[in-house]
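**Q** Here you go, one structure.
Protein chains: 2
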Amino acid sequence: MGQWFKQLLKFNPHRECPLSLCMNSKHKQEKVAEREAELIDIAHDIVTKDGFAGLTMDKLVNASPYSKGTIYNHFSSKEDLISALSTHSLSLLIEMFKKLEDFDGNSREHVLAVHFTYQLYCQLEPTLFLCVLSARTPAVMEKTSPERNAIIKKKELEVTAMCDHAFQQGLADGSLKLSTGVAMHDLVFASWATGFGTNALLINAKAVEGVSRLEQKYALLRNVNFLLDGMQWQPLSSEFDYHDTWKKLELFFADYLKLLEER
Amino acid sequence: MGQWFKQLLKFNPHRECPLSLCMNSKHKQEKVAEREAELIDIAHDIVTKDGFAGLTMDKLVNASPYSKGTIYNHFSSKEDLISALSTHSLSLLIEMFKKLEDFDGNSREHVLAVHFTYQLYCQLEPTLFLCVLSARTPAVMEKTSPERNAIIKKKELEVTAMCDHAFQQGLADGSLKLSTGVAMHDLVFASWATGFGTNALLINAKAVEGVSRLEQKYALLRNVNFLLDGMQWQPLSSEFDYHDTWKKLELFFADYLKLLEER
DNA sequence: CGTCAAATTTGACGTATCGTCATTTTAGTT
DNA sequence: AACTAAAATGACGATACGTCAAATTTGACG
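Chains as they are written, first to last, in numbering that gives the first Met the number 0: chain R, 0 to 262; chain X, 0 to 262.
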C-alpha cells in the first residue's frame, strides 16, 4: 500500500488542505508536485499488487482520476515512470537510514546497522528494489528525462554518503586502517557489493527455492562479518558478539519487522 | 554474434550434414533440438545487437526462416524464450569454467580463478547476464515451461558444483577450516554473493558513470581477497601475492581478454 | 461580469507486440 | 496414388505504448 511507510515515519504528507480557497492560493508547481507524488503512490500500489511486470501505463491511467495525456505530462514514458518509482524508492531507503542516527554502538556495529536496514528495506519492498535496479539499465536511462536521472544520481549519492559515514567513523576512531593502495572508497564499494549481492540472491532464493526467512536471517550478518574481518576492522568477530548487535537491531526495527511478519 | 564462443571453445556444432540423404535419416528429435539451438543463436544475436529490451518475438520470427507458429512451438512465450537464452548463457559459463581444470595453483587461487572467469563472462556477455537474472524473476518463471525451468535448475547446480569444488579442495588440504555453526554451503554462498554483487555493480557503474575497465580491473580481486581473508583461508593475502595469480589468469584467458579489448 | 488567449486536459487513434487458431502444407504409411 | 497424422503458416484479436487535435480550464484584462 505504501501506507506503512508514512505511518512509521510520520512522513510529512504535505497535508491536503480541504478549503478550495487554500487550494487556489497554492502555487502551480506545488500542485503539480503533489499530483506527481499521488501518481507515484498509485504506481507503487500497482507494483506491489501486480508485480513489476504488471505495471502498465493504462493501468495507472485507470487507477488514477486523470487521463492519459495528463499522465504523460508527468512521465514522458513508461521508463520515466520506472525511474520516478526508483527515486521514490531511494527516498524511502534514505528515510530508513536516517533512523539509524539514534542507534548506539561502535563504528563496525554501525556498518552492520546500515546492512541490516538495507536488508529490511529489500524485504519490505522487493519490487521497488527491482525498480531501482532496472532504472539503472541503459534501456531505461535512455528514455528518462535528464532531470529525473539527475535526481536519481543525487539520491544515490545520499545513500552512499550514509555508508561513507560509518567507514569514516571507523577510520577516525582507529578501529579501521587503510592498507597501501586501497582507498576508503574501495572498502565502501566492497561493503556495498556484498550487501547488494547477498540481498539480491536471497530475494531470488526465496522466490525460486522457497528458502524461509529464518534460514536467511543471519546470512547477511555472516557475509558482512567475513568481509569486515578481512578488512581487519576491530573488534573482530572473534572478539565481539555481533550476533548480539543483530538482535539489538531487530529490536530497534521491531515495528518494521512486525510488518514483515504479517505477510 | 555468439560466434566468438564456438571458435574459442571448439564448440561441437552438431555439424549440419549437407546431404539430404543424411538429413532424412536424422531423427525428429534431433532436428527439433538443432533448430532450437539455431533459434537461440539468432535470439542471442538480437539481444547483443539491440539489447535486452530490444528482443521481440516478431523480430525473432523475421530474423529466422520460420513462421510465428513454429517459433511458438519451440518457445511457449517470450518469457520461455528468455529462459532458453538463460540456459544457453549458463552453458557458455560452464564451458568457460571447464577450462579451469587446466589451471594450476593452490585451492584459494582456484577460488580466484572461478571469480575471474565469472567476471570475464559477465563482461563478455553483459546482456546474457541480464537474461539469467530476469529468468529467475517470478513473472518470467511462471510463464516458462516446467521442463525448461528444470533445465535451468540443473545448469545452476552445475555452476555451483564448480564453486563447491574449490571450497572442498580448501577443506581437504586444510587451508580452509569451518568454524562452528557455519557450513561449507554458507561459505560458498558468501563467495557467490560477493562475486555476483561486485560484477553487477561494476557493469552498472560502467553504464552509468563510465568507469573504465582499468579502474575496475582489480576491484573484484580486492573484494574476494577481503572475504577469503575473513574466512581465514590460508595463505592470507598478506602472505601471498594474489595479484600475481590475477595476472596469471589474465594470461590464461588471453584469448578472451583480446576479444574484450576489441570493442 | 464577459471576453479572449494561453495553458492544460482529454481520450480516440496509430502503431507495435504478444499469443492463438483455423487452414494449408508436409511427411509417412498402406 | 490415396489417406492420415503431424507440423507449419500467417491472418487476426487483444493489449499496451505514445501522440495529437479538439475540448476544457485558467486567469488576465477591460
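Ideal Cβ placement from N, Cα and C applies to all residues, glycine included.
Quick check: the segment 169-178 of chain X against the segment 99-110 of chain X, are at least 3 beta-carbon pairs closer than 8 Å?
**A** The segment 99-110 of chain X vs the segment 169-178 of chain X: in contact.
**Q** Apart from the five residues just before and just after X/Leu129, which ones in its own chain have a Cβ nearer than 8 Å to its Cβ?
**A** Closer than 8 Å at the Cβ level, and outside the excluded window around X/Leu129, lie Phe51.
**Q** Do you know offhand how far R/Asp185's Cα is from X/Arg221's?
**A** Spanning the two alpha carbons is a distance of roughly 8 Å.
**Q** Specify whether the segment 110-120 of chain R and the segment 33-53 of chain R touch according to this definition: at least 3 beta carbon pairs, one from each stretch, less than 8 Å apart.
**A** Because the criterion of three Cβ pairs below 8 Å is not met, the segment 110-120 of chain R and the segment 33-53 of chain R do not touch.
**Q** Once you ignore the five residues that flank X/Lys67 on each side, which residues in its own chain have a CB closer than 6 Å to its CB?
**A** So the qualifying residues of the chain are Val60.
**Q** List in chain order: all unbroken alpha helix (DSSP H) runs of 4+ residues lying wholly within the segment 128-212 of chain R.
**A** Fully enclosed alpha helix (DSSP H) runs of 4 or longer: 137-141, 145-172 and 183-208.
**Q** Assuming R/Met183 and X/Phe225 form a contact by the criterion Cβ under 8 Å, report the distance between their Cβ atoms to the nearest whole angstrom.
**A** Not quite, the Cβ-Cβ distance comes to about 14 Å (not below 8 Å), so this is no contact.
**Q** Mind checking which residues open and close the alpha helix (DSSP H) that includes X/Gly229?
**A** Where X/Gly229 is concerned, the enclosing alpha helix (DSSP H) stretches over Ala218 to Gly229.
**Q** Tell me whether the beta-carbon of R/Leu54 lies closer than 8 Å to the beta-carbon of R/Leu258.
**A** Not in contact: R/Leu54 and R/Leu258 (Cβ atoms no closer than 8 Å).
**Q** Could you tell me whether the Cβ of X/Phe102 comes closer than 8 Å to any Cβ of chain R?
**A** By this cut-off, X/Phe102 is not an interface position.
**Q** Taking the alpha helix (DSSP H) that R/Tyr65 falls in, what are its first and last residues?
**A** Note, R/Tyr65: premise wrong, no alpha helix (DSSP H); not H, not E.
**Q** Pairs of beta-carbons, one from the segment 196-207 of chain X and one from the segment 80-87 of chain X, closer than 8 Å: are there three or more?
**A** Taking 8 Å as the limit for Cβ pairs, the verdict is that the segment 80-87 of chain X does not touch the segment 196-207 of chain X.
**Q** Quick check on the burial criterion: 16 or more other C-beta atoms within 10 angstroms. Buried or exposed for R/Pro267?
**A** Outside the modelled stretch of chain R, which goes from 0 to 262, sits residue 267 of chain R, for which no answer is possible.
**Q** Take X/Ala218 as the anchor and find which of R/Phe239, R/Ala165, R/Val187 and R/Gln168 has the nearest alpha-carbon.
**A** Per the Cα distances, R/Val187.
**Q** Kindly indicate if chain R contains any beta-carbon less than 8 Å away from that of X/Val131.
**A** Not one chain R Cβ lies under 8 Å of X/Val131.
**Q** Would you mind giving the Cβ-Cβ distance between R/Thr143 and R/Asp57, rounded to the nearest angstrom? I have them listed as a contact below 8 Å.
**A** Contact flag wrong, Cβ pair sits at about 19 Å.
**Q** Would you please verify whether the beta carbon of R/Pro137 is less than 8 Å from any beta carbon of chain X?
**A** Chain X contact via Cβ: present.
**Q** Using a Cβ-Cβ distance cut-off of 8 Å, determine whether R/Asp243 contacts chain X.
**A** Closer than 8 Å: no.
**Q** On the three-state DSSP scale, how would you describe X/Ser24?
**A** With a pLDDT of 41 at X/Ser24, under the threshold of 50, the modelled position of that residue is not reliable, and no figure is offered here.
**Q** Would you mind sorting X/Lys153 into buried or exposed? The rule is 16 or more other CB atoms within 10 Å of its CB.
**A** Exposed.
**Q** Considering only the beta carbon of each residue, do X/Ala134 and X/Ile151 sit closer than 8 Å?
**A** Result yes, Cβ atoms of X/Ala134 and X/Ile151 sit closer than 8 Å.
**Q** Near R/Pro234, which residues of its chain fall below 8 Å by C-beta distance, leaving aside the five closest residues on each side in sequence?
**A** Here the set comprises Asn105, Arg107 and Ser174.
**Q** Since R/Phe252 is in the alpha helix (DSSP H), which residue starts that stretch and which ends it?
**A** Element bounds for R/Phe252: n/a, residue is neither H nor E.
**Q** Kindly list, in the order they appear in chain R, the residues whose Cβ is closer than 7 Å to that of X/Asp287.
**A** Residue 287 of chain X lies beyond the stretch modelled for chain X, which goes from 0 to 262, so this question has no answer here.
**Q** Check each candidate in R/Val223, R/Val46 and R/Ile93 and name the one with the smallest Cα separation from R/Thr244.
**A** The shortest C-alpha separation from R/Thr244 is found at R/Val223.
**Q** Measuring straight from C-alpha to C-alpha, what distance separates R/Met95 and X/Leu227?
**A** For R/Met95 and X/Leu227, the distance between alpha carbons rounds to 31 Å.
**Q** With a 10 Å radius around its C-beta and 16 neighbouring C-beta atoms as the bar for buried, classify X/Gly180 as buried or exposed.
**A** X/Gly180 should be labelled exposed.
**Q** Does X/Asp79 come within less than 8 Å of chain R when only Cβ atoms are used?
**A** No, its Cβ sits nowhere closer than 8 Å to a Cβ of chain R.
**Q** Within 8 Å (strictly less), CB to CB, does X/Phe239 reach chain R?
**A** Chain R contact via Cβ: absent.
**Q** For R/Phe166, would you say it is in contact with chain X, using Cβ-to-Cβ distances shorter than 8 Å as the test?
**A** Chain X, which has no Cβ nearer than 8 Å to the Cβ of R/Phe166, makes this no.
**Q** Which residues in chain R sit within 7 Å of X/Ala268, going by Cβ to Cβ distance?
**A** With chain X running from 0 to 262 in the structure shown, residue 268 of chain X is simply not present.
**Q** Label X/Asn72 either buried or exposed according to how many other C-beta atoms from any shown protein chain fall within 10 Å of its C-beta, with 16 as the threshold for buried.
**A** Classification for X/Asn72: exposed.
**Q** Give me the subset of the segment 94-128 of chain R whose CB atoms are less than 8 Å from a CB atom of chain X, sorted by chain position.
**A** Flagged: no residues at all.
**Q** What is the DSSP secondary structure of X/Gly104, counted as helix, strand or coil?
**A** Three-state result, X/Gly104: coil.
**Q** Would DSSP call R/Asp240 helix, strand or coil?
**A** R/Asp240: coil per DSSP, three-state reduction.
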